[in-house]
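Quick notes on the structure that follows.
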Amino acid sequence: MTNIVSLDRERPYKQQQQQQHQRHRKPKERAPSAESRQRPKKLLTTYHHHRKDQINSSSKTISKTISKTNSNTTSKTIRKTISKTISKTISKTISKTNSNTTSKTIRKTISKYQQQAPLATPAAMSAR
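Set out below in C-alpha coordinates:
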(Lines of atoms letter the chains of each structure in order from A; the text may use other names.)
(Lines give C-alpha, C1' and ligand atoms only; values in the text may rest on other atoms or scores of the structure.)
Protein backbone atom coordinates (compact mmCIF):
# COMPACT_ATOMS: atom_id res chain seq x y z
CA MET A 216 0.00 0.00 0.00
CA THR A 217 2.83 2.33 0.71
CA ASN A 218 4.12 1.96 -2.84
CA ILE A 219 0.83 3.08 -4.32
CA VAL A 220 0.73 6.13 -2.10
CA SER A 221 4.24 7.11 -3.07
CA LEU A 222 3.43 6.79 -6.77
CA ASP A 223 0.36 8.93 -6.34
CA ARG A 224 2.43 11.56 -4.65
CA GLU A 225 5.10 11.62 -7.40
CA ARG A 226 2.73 11.97 -10.30
CA PRO A 227 1.19 15.34 -9.54
CA TYR A 228 4.67 16.71 -8.82
CA LYS A 229 5.91 15.54 -12.23
CA GLN A 230 2.89 17.04 -13.93
CA GLN A 231 3.52 20.36 -12.25
CA GLN A 232 7.16 20.27 -13.34
CA GLN A 233 6.21 19.60 -16.95
CA GLN A 234 3.74 22.47 -16.90
CA GLN A 235 6.38 24.81 -15.53
CA HIS A 236 8.84 23.74 -18.23
CA GLN A 237 6.26 24.38 -20.91
CA ARG A 238 5.60 27.82 -19.51
CA HIS A 239 9.29 28.75 -19.51
CA ARG A 240 10.07 27.36 -22.94
CA LYS A 241 8.82 30.32 -24.95
CA PRO A 242 9.75 33.64 -23.40
CA LYS A 243 7.92 36.71 -24.60
CA GLU A 244 9.74 38.59 -27.31
CA ARG A 245 10.88 41.97 -26.09
CA ALA A 246 12.67 44.83 -27.72
CA PRO A 247 16.40 44.19 -27.50
CA SER A 248 18.08 46.12 -24.74
CA ALA A 249 21.39 47.94 -25.15
CA GLU A 250 23.26 45.12 -23.43
CA SER A 251 21.79 42.39 -25.61
CA ARG A 252 22.46 44.40 -28.79
CA GLN A 253 26.19 44.17 -28.17
CA ARG A 254 27.97 41.08 -29.33
CA PRO A 255 27.82 38.30 -26.81
CA LYS A 256 31.25 37.48 -25.44
CA LYS A 257 32.45 34.01 -26.25
CA LEU A 258 32.93 31.99 -23.14
CA LEU A 259 36.20 30.13 -23.36
CA THR A 260 36.39 26.68 -21.95
CA THR A 261 39.28 25.62 -19.75
CA TYR A 262 40.83 23.89 -22.77
CA HIS A 263 40.73 27.11 -24.75
CA HIS A 264 42.17 29.05 -21.82
CA HIS A 265 44.97 26.51 -21.51
CA ARG A 266 45.61 26.61 -25.25
CA LYS A 267 45.61 30.41 -25.21
CA ASP A 268 48.11 30.43 -22.36
CA GLN A 269 50.32 27.98 -24.25
CA ILE A 270 50.21 30.10 -27.38
CA ASN A 271 50.96 33.26 -25.39
CA SER A 272 53.87 31.66 -23.57
CA SER A 273 55.30 30.21 -26.78
CA SER A 274 54.99 33.54 -28.58
CA LYS A 275 56.67 35.25 -25.63
CA THR A 276 59.57 32.81 -25.69
CA ILE A 277 59.88 33.17 -29.46
CA SER A 278 59.93 36.95 -29.21
CA LYS A 279 62.48 36.76 -26.40
CA THR A 280 64.77 34.50 -28.43
CA ILE A 281 64.39 36.72 -31.48
CA SER A 282 65.21 39.82 -29.47
CA LYS A 283 68.18 38.04 -27.89
CA THR A 284 69.54 36.92 -31.27
CA ASN A 285 68.90 40.35 -32.74
CA SER A 286 70.66 42.05 -29.87
CA ASN A 287 73.54 39.58 -30.11
CA THR A 288 73.95 40.10 -33.84
CA THR A 289 73.59 43.86 -33.55
CA SER A 290 76.04 44.00 -30.67
CA LYS A 291 78.47 41.83 -32.66
CA THR A 292 78.18 44.07 -35.70
CA ILE A 293 78.48 47.16 -33.53
CA ARG A 294 81.58 45.72 -31.88
CA LYS A 295 83.07 44.87 -35.27
CA THR A 296 82.40 48.31 -36.69
CA ILE A 297 83.70 50.01 -33.56
CA SER A 298 86.87 47.92 -33.58
CA LYS A 299 87.35 48.60 -37.30
CA THR A 300 86.90 52.34 -36.91
CA ILE A 301 89.10 52.43 -33.81
CA SER A 302 91.84 50.46 -35.52
CA LYS A 303 91.62 52.72 -38.58
CA THR A 304 91.80 55.87 -36.50
CA ILE A 305 94.63 54.45 -34.41
CA SER A 306 96.60 53.46 -37.49
CA LYS A 307 95.99 56.89 -39.02
CA THR A 308 97.08 58.67 -35.87
CA ILE A 309 100.11 56.41 -35.55
CA SER A 310 101.13 57.08 -39.14
CA LYS A 311 100.56 60.80 -38.62
CA THR A 312 102.54 60.85 -35.41
CA ASN A 313 105.25 58.72 -36.99
CA SER A 314 105.48 61.01 -39.99
CA ASN A 315 105.37 64.03 -37.70
CA THR A 316 108.05 62.66 -35.41
CA THR A 317 110.21 61.54 -38.31
CA SER A 318 109.82 64.88 -40.06
CA LYS A 319 110.52 66.67 -36.77
CA THR A 320 113.61 64.58 -36.09
CA ILE A 321 114.75 65.07 -39.66
CA ARG A 322 114.19 68.82 -39.37
CA LYS A 323 116.00 68.90 -36.03
CA THR A 324 118.95 66.95 -37.35
CA ILE A 325 119.07 69.09 -40.47
CA SER A 326 118.95 72.27 -38.44
CA LYS A 327 121.63 70.90 -36.09
CA TYR A 328 123.89 70.05 -38.99
CA GLN A 329 123.16 73.39 -40.64
CA GLN A 330 124.13 75.19 -37.45
CA GLN A 331 127.20 73.03 -37.00
CA ALA A 332 128.16 72.95 -40.66
CA PRO A 333 129.35 76.54 -41.02
CA LEU A 334 131.57 76.09 -37.99
CA ALA A 335 133.13 72.99 -39.45
CA THR A 336 134.02 74.49 -42.82
CA PRO A 337 137.57 75.76 -43.23
CA ALA A 338 136.34 79.18 -44.37
CA ALA A 339 134.48 79.62 -41.11
CA MET A 340 137.55 78.44 -39.19
CA SER A 341 139.73 80.99 -40.96
CA ALA A 342 137.20 83.73 -40.28
CA ARG A 343 137.59 83.14 -36.57
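Residue numbers (our numbering): 216 to 343. We put the CB at the ideal spot given by N, CA and C, even for glycine.
Contacting residues, own chain, Cβ-Cβ under 7 Å from residue i (five flanking each side not counted)
i    : result
Y326 : It should be pointed out that residue 326 corresponds to Ser in this sequence rather than to Tyr. Hits under 7 Å: none found.
T289 : none
Three-way DSSP call (helix, strand, coil) for residue i in this model
i    : result
M216 : At M216 the pLDDT is 49, less than 50, meaning the model places this residue with poor confidence and gives no usable figure here.
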